[in-house]
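Student: Can you keep this structure in mind? I'll have questions shortly.
There are 2 protein chains.
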Amino acid sequence: MSVDLLVEKIKEKSNPSVAGLDPKLEYVPSYITKKYFDEYGKTLKAAAEAIIEFNKGLIDALCDIVPAIKPQSAFYEMYGLEGERALNETVAYAKEKGLYIILDIKRNDIGTTAEAYSRAYLGKVCIGDTEVSALDVDSVTVNPYLGTDGIAPFVNDCVKYDKSIFALVKTSNPSSGELQDIVSDGRHIYEHIAECVNKWNENTVGKSGYGAVGAVVGATYPEQARVLRSIMKNSYFLVPGYGAQGGGAKGVKPCFNGDGLGAIVNSSRGIMCAYKKGNWKEEDFMEAARREAIRMKNDINSVL
Amino acid sequence: MSVDLLVEKIKEKSNPSVAGLDPKLEYVPSYITKKYFDEYGKTLKAAAEAIIEFNKGLIDALCDIVPAIKPQSAFYEMYGLEGERALNETVAYAKEKGLYIILDIKRNDIGTTAEAYSRAYLGKVCIGDTEVSALDVDSVTVNPYLGTDGIAPFVNDCVKYDKSIFALVKTSNPSSGELQDIVSDGRHIYEHIAECVNKWNENTVGKSGYGAVGAVVGATYPEQARVLRSIMKNSYFLVPGYGAQGGGAKGVKPCFNGDGLGAIVNSSRGIMCAYKKGNWKEEDFMEAARREAIRMKNDINSVL
């Protein structure tokens, strides 16, 4: 009912970072895509097979370094049913390797529909009198625009199935302020949402001191992160924007607590495309990703 | 690059309503679920087959009455890969029948990821030098929490592929006000977002007078709808909350313009479960749905 499991894995690997698996096809080494294009043509199936091989290679290379992976659902949905199959296979493989899986879906809807989303990814779905898992992950991201109704079903499943969620609070993108930085009653919208996160998180705090409801807080806004860290004392932060989006280790520091816990920093492109920087051969994409994951781990730990 | 196609279909059928296809398994007549449980056991495959048969029956019953369907993605994702297959088959079948398809996904993310979502549902995805459609629909719902970055890729594809989107502005659920009703500078957040919708919609207005960027405005908040109608003059409203959620024809009236255009009202449970009210036999679910769709059409037209 909390993020205790994630915290354990972070401690075990002394690494508060998560590898984002956002497999645009242009990130996949061309010797892999070529193999499947030759076999299946330039089809969604070829794309899915290439992504599965790439992801499994990355997971093999990273699974003793990082505590968690974060597949971005958009980059699987983009390849239709075949892409969804690639996501399912990626999740299954990462589970075998003992990784914590944060599925980045940013779902949101009214109560009964949010319940369906939660069942799809955290809970179980009823088929007659049988309960079945659809795609079972450890954690998902959610969007708070609809308020408590849309979040409560996820929190219920967190408690029931020992899962976690991360609600968008202050996102890493340039236009995040258009809505999130609006000021009302002397506080920004992201601060109002942070108070909601506290309310949703209230009864879920585990032995780590952190609850099931975390927050997405971008590395690109360190000043806001500092404020948010002080409001949401019992929430873990999922921190995008390190690396390719411009946030460095100093940018992520305010997301952490004094004990070096409280945040997990994502890198997607930086790790997946590490082989495209320097003198790597495409075939060495795994080693390149591993080196970048180690560099990132050391970089972040150096400021904690 | 606008909602002209939707407006045409609404005029053709003199019906500003859309049938929501949110196939919870308990909505499906038991003689259908039983058939597939007997064949496949209580499995995700059985659930998907039951949903496909139910949806096709509903589409057959409704396709000369309603201009559009709105599948709610959550209720397909809930059944995993099999559920996604059911969604794909439902969309394909509805297309054959000439229906406008609004896929209710409420997606949102940073720019490059929003682009992937848009390609998945409105645009095309590149596989090598080939462009492929993943699941091609006419329109999707989007969430504005991340600001312009997260919406622009969808608007670009609306222009390029003649599609539309509906951005959440004032949602129909009880807790929608927690964020959406916060007041800043004398205006509610939903009014601020309405101004953003105007900006996003600016260069997309078609011959109907409406642009590609519409707004989700709940039937349960008619006062707010009145205000929003006056702000977003060139946006079509997608209106949930009629029927099961408590909004009636009077509640939806403020969403329309004087000419009887400007809004399309959704009913999901009311139509899908029409056979559960009154003295219908389960086997007559199609006729019951048809009668309810006609009743709803007349009910809404009576206040326009």
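Protein chains in written order, with the working numbering: chain A, 1 to 304; chain B, 1001 to 1304.
Backbone N, C-alpha and C fix where the C-beta goes; we use that ideal spot for every residue, glycine too.
All of these numbers come straight from a predicted model, not from anything done at the bench.
1. Would you say the region 1223 to 1238 of chain B touches the region 1196 to 1206 of chain B, given that touching needs at least three Cβ pairs under 8 Å?
2. Rounding to the nearest angstrom, what Cα-Cα distance links residue 1070/B and residue 73/A in this structure?
3. Going along chain A, which residues have a C-beta under 8 Å from residue 1157/B?
4. Closer than 8 Å by C-beta to residue 303/A: which residues in its own chain qualify, once you throw out the five before and the five after it? Chain order, please.
5. When you compare the CB positions of residue 1283/B and residue 1031/B, do they come within less than 8 Å of one another, or not?
6. Let me confirm a value: residue 1157/B is counted as buried when at least 16 other C-beta atoms fall within 10 Å, else exposed. Which label applies?
7. Can you give me the Cβ contacts of residue 1124/B inside the same chain, cut-off strictly under 7 Å, excluding the 5 residues immediately before and after it?
8. Does residue 1166/B come out as helix, strand or coil in the three-state DSSP assignment?
9. What three-state label does DSSP hand residue 70/A in the structure shown?
10. In this structure, does DSSP put residue 1105/B in helix, strand or coil?
11. For the alpha helix (DSSP H) that residue 1055/B lies in, which residues bound it at each end?
12. Note the first and the last residue of the continuous alpha helix (DSSP H) segment covering residue 294/A.
13. How big is the Cα-Cα spacing for residue 1121/B and residue 223/A?
14. DSSP on residue 1002/B, reduced to helix/strand/coil?
15. For residue 1178/B, count neighbouring Cβ atoms within 10 angstroms of its own Cβ and tell me buried if that reaches 16, exposed if not.
16. Would residue 96/A be called buried (16 or more neighbouring beta carbons within 10 Å of its own) or exposed?
17. Are there 16 or more other CB atoms within 10 angstroms of the CB of residue 1066/B, so buried, or fewer, so exposed?
18. To be precise: take each residue of the region 165 to 196 of chain A, compare its Cβ to all Cβ atoms of chain B, and keep it if any distance is under 9 Å. Which residues remain?
19. Exposed or buried, what is residue 1311/B when buried is set at 16 or more other beta-carbons lying within 10 Å of its beta-carbon?
20. Starting from residue 148/A, follow the alpha helix (DSSP H) in both directions and report where the run begins and ends.
21. At a cut of 8 Å, does the region 1054 to 1062 of chain B reach the region 1074 to 1083 of chain B through at least three beta carbon pairs?
22. Report buried or exposed for residue 281/A, applying the criterion of at least 16 other Cβ atoms within 10 angstroms of its Cβ.
23. Can you name the residues that DSSP bridges to residue 1237/B?
24. I'd like to know if residue 108/A contacts chain B, where contact means its C-beta is closer than 8 Å to some C-beta of that chain.
25. On the DSSP bridge list, what partners appear for residue 100/A?
26. Taking residue 84/A as the query, report the chain B residues whose CB atoms sit under 8 Å from its CB, ordered along the chain.
27. For chain B, find out if any of its Cβ atoms is closer than 8 Å to the Cβ of residue 222/A; answer yes or no.
28. Mind checking residue 22/A: buried by the 16 CB within 10 Å criterion, or exposed?
29. Three Cβ pairs or more, each shorter than 8 Å: is that satisfied between the region 1004 to 1024 of chain B and the region 285 to 297 of chain A?
30. Could you tell me the alpha carbon to alpha carbon distance between residue 226/A and residue 110/A, rounded to whole angstroms?
31. Could you tell me the distance, in whole angstroms, from the CA atom of residue 1020/B to the CA atom of residue 1166/B?
32. Using 10 angstroms around the beta-carbon of residue 159/A, count the other beta-carbons present and answer buried if the total reaches 16, otherwise exposed.
33. Using DSSP bridges, identify the partner residues of residue 127/A.
34. Can you say whether residue 77/A is buried or exposed, counting buried as having 16 or more other CB atoms within 10 angstroms of its CB?
35. Where does residue 1149/B land, buried or exposed, given buried means 16+ other C-beta within 10 angstroms?
36. Does any residue of chain A bring its CB to less than 8 Å from the CB of residue 1236/B?
Tutor: Well, looking at it:
1. The answer is yes - the region 1196 to 1206 of chain B touches the region 1223 to 1238 of chain B, with three or more Cβ pairs under 8 Å.
2. Between residue 1070/B and residue 73/A, the C-alpha separation is close to 21 Å.
3. Simply none; closest approach about 12 Å.
4. Within its own chain, the residues whose Cβ lies closer than 8 Å to the Cβ of residue 303/A, once the five positions on either side in sequence are excluded, are 249, 250, 252, 253, listed in chain order.
5. Taking 8 Å as the Cβ cut-off, residue 1283/B and residue 1031/B qualify as a contacting pair.
6. So residue 1157/B counts as buried.
7. Hits under 7 Å: 1131, 1132, 1133.
8. Three-state DSSP puts residue 1166/B in a strand.
9. It is a strand residue.
10. Strand at residue 1105/B.
11. Per DSSP, residue 1055/B belongs to the alpha helix (DSSP H) from 1044 to 1062.
12. Counted as a single uninterrupted DSSP element, the alpha helix (DSSP H) harbouring residue 294/A occupies residues 285 to 303.
13. Roughly 36 Å separates the two Cα atoms.
14. Note: residue 1002/B maps to strand in three-state DSSP.
15. Its Cβ being crowded by 16 or more others within 10 Å, residue 1178/B is buried.
16. Around the CB of residue 96/A, fewer than 16 other CB atoms lie within 10 Å, so the residue is classed as exposed.
17. Classification of residue 1066/B: buried, given that the 10 Å Cβ count is 16 or more.
18. Taking a C-beta cut-off of 9 Å against chain B, the contacting residues of the region 165 to 196 of chain A are 168, 171, 172, 173, 174, 175, 176, 177, 178, 179, 180, 182, 183, 184, 185, 189, 192, 193, 196, listed in chain order.
19. For chain B, the structure presents residues 1001 to 1304; residue 1311/B sits outside this window and is missing.
20. It spans 148 to 161 - the alpha helix (DSSP H) in which residue 148/A sits, taken as one unbroken run.
21. In short, these stretches do not touch, since the Cβ pair count stays below three.
22. Counting Cβ neighbours within 10 Å, residue 281/A comes out exposed, since fewer than 16 surround it.
23. BP columns for residue 1237/B point to 1215/B, 1263/B.
24. Among the CB atoms of chain B, one or more fall inside 8 Å of the CB of residue 108/A.
25. DSSP, once it has assigned bridges, lists 68/A as partnering residue 100/A.
26. What residue 84/A touches in chain B: 1081, 1084.
27. With a threshold of 8 Å between beta carbons, residue 222/A makes no contact with chain B.
28. Burial check for residue 22/A: the Cβ neighbour count within 10 Å reaches 16 or more, so the residue is buried.
29. These segments do not touch.
30. Each residue's Cα considered, the two are about 31 Å apart.
31. Their Cα atoms are separated by approximately 15 Å.
32. Taking every protein chain shown into account, the CB of residue 159/A has fewer than 16 other CB atoms within 10 angstroms, so this residue is exposed.
33. Looking at the DSSP assignment, residue 127/A forms a beta bridge with 130/A.
34. By the neighbour-count rule (16 or more Cβ atoms within 10 Å), residue 77/A is buried.
35. Buried.
36. At a cut-off of 8 Å, the C-beta of residue 1236/B has no neighbouring C-beta in chain A.
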